[in-house]
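Novice:
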Amino acid sequence: MTLDQFTREEGQLARRYEYDDATVMAVDFGTDVGDVAVDVVDDTAIVVLADDQYEIELPAAAGDAHTFMKNGVFTIELEEEL
Numbered sequence: 217m218t219l220d221q222f223t224r225e226e227g228q229l230a231r232r233y234e235y236d237d238a239t240v241m242a243v244d245f246g247t248d249v250g251d252v253a254v255d256v257v258d259d260t261a262i263v264v265l266a267d268d269q270y271e272i273e274l275p276a277a278a279g280d281a282h283t284f285m286k287n288g289v290f291t292i293e294l295e296e297e298l
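217 is the number of the first residue of the sequence shown in the numbering used here; add one for each residue after it.
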């Protein structure tokens, strides 16, 4: 497993975990987060929180992206394409 912190913007912690067959990206938006909208377009995940929009670049070799939010932590799970 490889761990990479890919951004620290406005106190938000974001990390990428690389496994043999998958990549997991997690961004801590804090527990005050309300509704979240997510759209994946090509190699970018677009996350909209209230009036803020974040674009997260996804690895080019990634397959399907599975996204979820729990306790203010937004997670993207990507499986390697074979």
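Glycine included, C-beta positions come from ideal geometry on N, C-alpha and C. Since we're looking at a predicted model, the values are computed, not measured.
Could you pull out every residue in the same chain whose Cβ sits closer than 8 Å to the Cβ of Asp259, ignoring the five residues on either side in sequence?
Specialist: Glu273, Leu274, Pro275, Ala276, Ala278
Novice: Applying the criterion that 16 or more other CB atoms from any shown protein chain within 10 Å of the CB defines a buried residue, is Phe284 buried or exposed?
Specialist: Answer is exposed; the Cβ neighbour count stays below 16.
Novice: In terms of alpha-carbon separation, which member of Val252, Asn287, Val240 lies closest to Asp280?
Specialist: Nearest option by C-alpha distance: Val240.
Novice: Rounded to whole angstroms, what's the CA-CA distance from Gly288 to Val254? Just pull it up for me.
Specialist: 14 Å
Novice: So which of Tyr270, Leu265, Val256 has the shortest CA-CA distance to Val309?
Specialist: Any property of residue 309 remains undetermined from this structure, which presents the chain solely from 217 to 298.
Novice: Identify the residues that DSSP records as bridge partners of Ala253: which are they?
Specialist: The partner list for Ala253 (beta bridge, DSSP) reads Val264.
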